[in-house]
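**Q** 586 is the number of the first residue of the sequence shown in this note's numbering; add one for each residue after it.
Cβ coordinates follow ideal geometry from the N, Cα and C atoms, glycine included.
Keep in mind it's a predicted model, so treat the numbers as computed, not measured.
Below you'll find the structure I mean.
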Amino acid sequence: MAKADDLITNGARLLPRREGIPEPRREAAWLLAAAWGVEEITLRLHPEREIPTEVCRRYRDWIERRAAGEPAHHLKGTCSFWGREFEVSPTVLVPRPETELIITAALDLPLSAEARVLDVGTGSGCVAVTLAAERPRWGVWAVDLSLPALAVARRNRDRHEVETRLFLGDLTSAVTPPLDLVVANLPYIPTVDIERVPIEVRYDPSLALDGGSDGLDLVRRLLTDLPRLLRPCGGAVFELGENQADEVASAADAIGLAVARRVRDACGVERIVVVQPR
């Protein structure tokens, strides 16, 4: 059997250093820990540990697939979000750290203890499930256009034992107002930019990436429907791409909504916009 440190060293040599893999050795260690089902600290404290043959085989397969661009979380089958593990697959968008800003912004809003909440384009269900777990008295609904995505969301809902109603539909077509809160991480990458995103992102479903000519096609459609959906004291939280916040603010103003808050991510991008009825 091979030793942990040797496997990590050899794996790091096979991983190309690129945007998605800035630190090949750290990536290799994460993959080995995931393949073995242990914490990374175990490998750091005991680099001399011998790894079972089946784990070595799985790890080497994962290294090859990771080097080819497959996302690490697709290999593991789960992704951490807001301190919980969520199932992911090629049928859903892998949750990004910046999406946790949606949760922060939503929980900061002064909503009713029994607010009615809708997560539009739920994908893996990570946002809807997290909100339901953090606010058990909220009535949380989630909608997606993809039936395979809803199957993943359903398993994540059941995994975390929360009450979340799931609907198949286009944006808000499957639900009825009034709502206190709408949250949305809709596709926001312009069509022409899809082929230029990191190779790992291209493994996500195109339905979850392609936002149309300027990336805001679906965001505008949802914005237009908010005056009908939201209670006067309600709000909506959007995750956006780089340089999109101003355009969304203008579109919101044109239909009688006010931008209550903008939130920058760790890279300084205005990633979150919160809008409310005037």
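Which runs of the beta strand (DSSP E), 3 residues or longer, sit entirely within the region 754-834?
**A** Here the runs fully enclosed are 764-769 and 815-824.
**Q** Where are the beta strand (DSSP E) runs, 3 residues long or more, that stay fully inside the region 615-672, in chain order?
**A** DSSP runs (the beta strand (DSSP E)) wholly in the region 615-672: 663-666 and 669-672.
**Q** Cα separation between Thr676 and Leu751?
**A** Going by the C-alpha atoms only, they are around 16 angstroms apart.
**Q** Please report the straight-line C-alpha distance between Pro775 and Thr684, rounded to a whole angstrom.
**A** Approximately 19 angstroms, taken between the alpha carbons.
**Q** Assuming Pro637 and Met586 are in contact, meaning their beta carbons sit under 8 angstroms apart, how far apart are those beta carbons, in whole angstroms?
**A** 7 angstroms between Cβ atoms; contact.
**Q** When the Cα atoms are used, what is the spatial distance from Ser758 to Ala727?
**A** So the alpha carbons of these two residues sit roughly 12 angstroms apart.
**Q** How about Ala717 and Val725: are their beta carbons less than 8 angstroms apart?
**A** Yes; because the gap between Cβ atoms is below 8 angstroms, this pair is in contact.
**Q** Just the Cα atoms here: how many angstroms apart are Arg645 and Glu855?
**A** Each residue's alpha carbon lies about 39 angstroms from the other.
**Q** At which residues does the beta strand (DSSP E) containing Leu692 begin and terminate?
**A** Unbroken run through Leu692 is the alpha helix (DSSP H), Glu685 to Asp693; no beta strand (DSSP E).
**Q** Looking only at DSSP bridge pairs, what is Arg701 linked to?
**A** Arg701 is bridged to Gly724.
**Q** Taking buried to mean at least 16 other C-beta atoms within 10 Å of its own C-beta, is Ile606 buried or exposed?
**A** Buried is the call here.
**Q** From which residue to which residue does the beta strand (DSSP E) around Val859 run?
**A** Glu855 to Pro862 is the extent of the beta strand (DSSP E) around Val859.
**Q** Are the beta-carbon atoms belonging to Gly796 and Leu756 less than 8 angstroms from one another?
**A** For Gly796 and Leu756, no; Cβs fall outside 8 angstroms.
**Q** Going by beta-carbon coordinates alone, are Leu766 and Gly820 separated by less than 8 angstroms?
**A** Yes, Cβ-Cβ distance for Leu766 and Gly820 is below 8 angstroms.
**Q** Leu599 and Ala657: beta carbons closer than 8 angstroms?
**A** In this structure, Ala657 does not lie closer than 8 angstroms to Leu599 by Cβ.
**Q** Excluding sequence positions up to five away, which residues of its chain have a Cβ less than 6 angstroms from the Cβ of Phe666?
**A** Hits under 6 angstroms: Pro680 and Cys711.
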